[in-house]
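The block underneath contains the structure these notes are about, expressed in structure tokens.
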């Protein structure tokens, strides 16, 4: 399709405006994290790194970061196991309800977070509380795994469908057993897909706030929850901006690496 010069100009302007709406507020947060003015006057009269030092010395912030890391690692590990198993079942076998399995696995990430959070909270109260298990880090990990599993499932399923079964059949013909076939043939082909899906899962878990609000308990406050609780406290405003800036960076890095891995794998294929 050929566009006129005027149409191309309009599209460029719309694209620039759309990107500005998304990224200018993020840039303001990054600048305010080094703004010397505690009230964040704009434009900044001076730049400083002391707010970053204050954030490092804040025990509540450090604990929240560590909790987010543990929740992200736990949710990613659970999602890798469940998502990979589901992808293998759908890609390698034919059975009644196969498409329903795909729908059930993908549905949690399409549902509004508040719906997932309420459903999980009610389920935990009914199932876990009678067993003496209250809301805490475990329930946060379970809640995050429900939507993190989608990224693993989609990446592994796409890779399995793209690679086919010819290499596995050839290794079986050469005498490889099931474990050898998986370790030496299947897993190397899935490695970049698993890594990309794992990085995306960790990024999703690390900055999740809606589901966490309904599944977190005492002592399991993640970084997004800590930021939200301290957002309107004047004394904590500089630290909140620093942690928000750190959260932006920590979200961009794994997503960028995952995108590079996925694009690289597509080029090899």
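Residue numbers (the numbering used here): 925 to 1193. Glycine residues also receive a C-beta, built at the ideal position from the N, C-alpha and C atoms.
Going along the chain, which residues of its own chain have a beta-carbon closer than 8 Å to the beta-carbon of residue 928, five neighbours each way excluded? As a working mapping, residue 928 is identified with position 4 in the chain shown. Excluding sequence neighbours, residue 928 sits near nothing in its chain.
Evaluate the contact criterion for the segment 1032-1040 versus the segment 1093-1113: three or more CB pairs, one atom per stretch, below 8 Å. no
Pull up the DSSP beta-bridge partners for residue 959, would you. As a working note, residue 959 is residue 35 in the chain shown. Note: residue 959 sits in a beta bridge opposite 971.
Flag this pair as yes or no: are the beta carbons of residue 985 and residue 1124 separated by less than 8 Å? To locate residue 985, count along the chain shown from 1; it is residue 61. To locate residue 1124, count along the chain shown from 1; it is residue 200. Cβ atoms of residue 985 and residue 1124: not closer than 8 Å.
My output table needs one value for residue 1032: the three-state DSSP class, helix, strand or coil. Start at 1 with the first residue of the chain shown, and residue 1032 comes out as number 108. It is helical.
Can at least three beta-carbon pairs, one atom from the segment 1156-1166 and one from the segment 978-994, be found at a separation below 8 Å? yes
Could you check how far apart the C-beta atoms of residue 951 and residue 960 are, in whole angstroms? I think they sit under 8 Å. Translated into the one-based positions of the chain shown, residue 951 becomes position 27. Translated into the one-based positions of the chain shown, residue 960 becomes position 36. About 18 Å; that fails the 8 Å criterion.
How should residue 941 be labelled, buried or exposed, when 16 other C-beta atoms within 10 angstroms of its C-beta is the threshold for buried? Residue 941 sits at position 17 when you count from the first residue of the chain shown. It counts as exposed.
Who are the Cβ neighbours of residue 934 in its own chain at under 8 Å, not counting the five residues just before and after it? As a working note, residue 934 is residue 10 in the chain shown. Nothing listed; no residue qualifies.
If I measure Cβ to Cβ from residue 1065 and keep anything under 7 Å in the same chain, skipping five residues before and after, which residues do I get? For the purposes of this step, residue 1065 is identified with residue 141 of the chain shown, where counting begins at 1. Within the same chain, residue 1065 has close Cβ partners 995, 998, 999, 1002.
Using a Cβ-Cβ cut-off of 8 Å (strictly less than) and excluding sequence neighbours within five positions of residue 973, which residues of its own chain qualify? As a position in the chain shown, residue 973 is number 49, starting the count at 1. Taken in chain order, the residues that qualify are 958.
Top-ranked residue by Cα proximity to residue 1079, from 1160, 1136, 1115: Within the chain shown, residue 1079 is the residue found at index 155, counting from 1. Of the candidates 1160, 1136, 1115, the one whose C-alpha sits nearest the C-alpha of residue 1079 is 1115.
Indicate the three-state DSSP secondary structure (helix, strand or coil) for residue 1018 in the structure shown. On the chain shown, position 94 is the one that residue 1018 refers to. Here residue 1018 sits in coil by DSSP.
Indicate whether the contact test is met: 3 or more Cβ pairs, each with one atom in the segment 1086-1095 and one in the segment 1129-1142, closer than 8 Å. no
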